[in-house]
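The numbering used here puts the first residue of the sequence shown at 10, with every later residue one more than the last.
The beta-carbon is built from N, C-alpha and C at its ideal position, and this holds for glycine as well.
Because the structure is a prediction, the values reported are computed rather than measured.
Have a look at the structure below before the remarks.
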Amino acid sequence: MTAQRMPIGVAGLGLMGSSIATCLLMAGHAVTGLVQRIDEGAAARRRISDFLGQVKKGTSFGEDAGSAMERLIITNDISMLGKHHLIIESISESAAKKAELFRQLEGAIPNTAIIGTNTSAIPISLLQEGMRNPERLLGIHWGEPAHIGRFMEIICGNKTAPHHAERMMVLAESWGKEPSLVKKDIRGFISNRLMYALMRESFYLVENGYATYEDIDRACRNDLGSWITFAGPFRYMDLTGIPAYLSVMEELFPELNNAVDAPAFIKELVSSGAKGVSNASGFYPYTQRSAKQWEELFVRFSSEIRQLSEKYPQHAGDEV
């Protein structure tokens with residue numbers, strides 16, 4: 010059996026886990042989904058089937074969704090993962106819960122199997138503590154929606170074996186991703202450290218009356234949004250002239266917000282029950298209908314922007 014077709018386990022089939030399972034089915038893998046309670050299986054199966062229907066049009070996925078679903082097994086029996094050589098964990102963002110799951114997995118899977126943890130903030134080295142074989146654990150940070158986007162980060166903990174990370178980089182490309190390798194463990198990895206720095210400055214501008222939500226979102230859409238799919242910050246500086254950026258950095262960096270506490274008004278928003286479009290309550294006002302429409306538009310946009318980005322891969326301009 011080739012690596013691309015090997016069965017893969019996905020532990021946790023919530024929204025993100027279902028999206029990950031969909032991506033793997035699209036790549037031709039058999040997938041064994043592990044759920045905590047078997048009665049969660051029906052909802053997860055429906056989600057995955059719906060996701061496959063979303064990507065049927067507008068991507069390179071040409072298989073019938075029904076055929077792909079035949080390769081999906083959902084179980085609450087961890088022993089069903091006993092012959093799998095790659096398990097991707099996507100449960101709640103709790104170090105304690107993940108550690109308990111890894112303890113159970115290590116009692117059920119081969120010693121050579123790789124465990125990938127889908128975490129966006131917990132240090133991999135922290136999660137490796139207490140494992141019998143910590144060298145097998147690495148971070149596999151997926152973007153949302155996982156079955157559509159090209160984003161992925163492979164993160165090495167302090168004890169991760171480099172050959173496991175190299176293998177995952179190759180596999181990620183076979184899944185249609187353009188992965189980044191985080192060679193040394195750091196909280197937040199690459200994308201979240203960059204994104205949350207942007208968010209922190211955005212909150213600062215709103216809290217201090219410089220701009221509204223709408224103004225900041227509009228500026229991002231029409232500036233960063235017009236080039237960042239094509240080039241990251243370093244390529245963009247190459248394209249537009251490096252010296253000017255140094256001059257701005259020297260003037261601007263001392264003025265940027267360096268707060269270490271989360272903004273008070275996002276705490277208040279969350280305390281009030283706001284989750285965003287999932288419950289039609291967020292920074293912007295929503296009705297149930299408009300929230301659903303925004304979700305549908307996000308999926309459509311994600312598919313279309315992937316098609317565009319595939320025309321301009323990272324090294325598109327390099328000499329052949």
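**Asked** From what residue to what residue does the alpha helix (DSSP H) around H173 run?
**Response** Element bounds for H173: P171 to S183.
**Item:** 8 Å CB neighbourhood of A36 in its chain, flanking five on each side removed
**Value:** Within its own chain, the residues whose Cβ lies closer than 8 Å to the Cβ of A36, once the five positions on either side in sequence are excluded, are Q13, S183, W184 and G185, listed in chain order.
**Request:** Give the secondary structure of A20 by DSSP, where H, G and I count as helix, E and B as strand, and everything else as coil.
**Result:** In the structure shown, A20 sits in a strand (DSSP, three-state: E or B).
**Request:** Determine the direct distance from the alpha carbon of V215 to that of A117, and round the result to whole angstroms.
**Result:** Between A117 and V215, the C-alpha separation is close to 50 Å.
**Request:** Would you mind reading off the limits of the beta strand (DSSP E) that contains L95?
**Result:** Counting along the chain, the unbroken beta strand (DSSP E) around L95 starts and ends at L95 to E98.
**Message:** If contact is defined by three or more beta carbon pairs under 8 Å, each pair taking one atom from either stretch, is the stretch 305–317 in contact with the stretch 253–261?
**Reply:** Between the stretch 253–261 and the stretch 305–317 there are fewer than three C-beta pairs closer than 8 Å, too few to call the two in contact.
**Message:** For L261 and G26, what's the separation of their Cα atoms in angstroms?
**Reply:** Answer to the nearest angstrom: the Cα atoms are 40 Å apart.
**Prompt:** Can you tell me where the alpha helix (DSSP H) with G42 in it begins and where it stops?
**Reply:** First-last for G42: V40 to L43, but that is the beta strand (DSSP E), not the alpha helix (DSSP H).
**Request:** Check P294 in the structure and name its three-state DSSP category.
**Result:** In the structure shown, P294 sits in a strand (DSSP, three-state: E or B).
**Prompt:** Across which residues does DSSP place H150 in a beta bridge pair?
**Reply:** Answer is E162, bridged to H150.
**Prompt:** Taking DSSP as the reference, what is the three-state secondary structure of S189?
**Reply:** In the displayed model, S189 falls within a strand according to three-state DSSP.
**Asked** Who are the Cβ neighbours of A108 in its own chain at under 7 Å, not counting the five residues just before and after it?
**Response** L136 and G139.
**Message:** So V64 and H156 are supposed to be a Cβ contact under 8 Å. How far apart are they, rounded?
**Reply:** With 8 Å as the limit, V64 and H156 qualify as a contact, their Cβ atoms being about 6 Å apart.
**Message:** I need the DSSP call for L265, collapsed to helix, strand or coil.
**Reply:** Coil, per DSSP.
**Prompt:** In the structure shown, what three-state DSSP assignment does T31 receive?
**Reply:** T31 sits in a helix when the DSSP states are folded into three classes.
**Request:** Buried or exposed for A53, please, with buried defined as at least 16 other CB atoms from any protein chain shown within 10 angstroms of its CB.
**Result:** Around the beta carbon of A53, 16 or more other beta carbons sit within 10 angstroms, so the residue counts as buried.
**Item:** For I199, the three-state DSSP class (helix, strand or coil)
**Value:** I199 falls in the coil class under three-state DSSP.
**Asked** At which residues does the beta strand (DSSP E) containing G125 begin and terminate?
**Response** First-last of the beta strand (DSSP E) with G125: I123 to T126.
**Alpha carbon of L34 to alpha carbon of A77, nearest angstrom** = So the alpha carbons of these two residues sit roughly 6 Å apart.
**Asked** Can you check whether the CB of S99 is closer than 9 Å to the CB of F160?
**Response** The answer is no: Cβ separation not under 9 Å.
**Asked** H146 to M89, Cα distance in whole Å?
**Response** Position check: residue 146 holds Leu in this sequence, whereas His was assumed. Taking the straight line from one Cα to the other gives about 20 Å.
**Prompt:** Since L81 is in the beta strand (DSSP E), which residue starts that stretch and which ends it?
**Reply:** Taken as a continuous stretch (DSSP letters only), the beta strand (DSSP E) holding L81 covers L81 to T84.
**Nearest residue (CA-CA) to N341, options G152, R141, P294 and A105** = The chain is shown only over 10 to 329; residue 341 falls outside these bounds and no answer can be derived.
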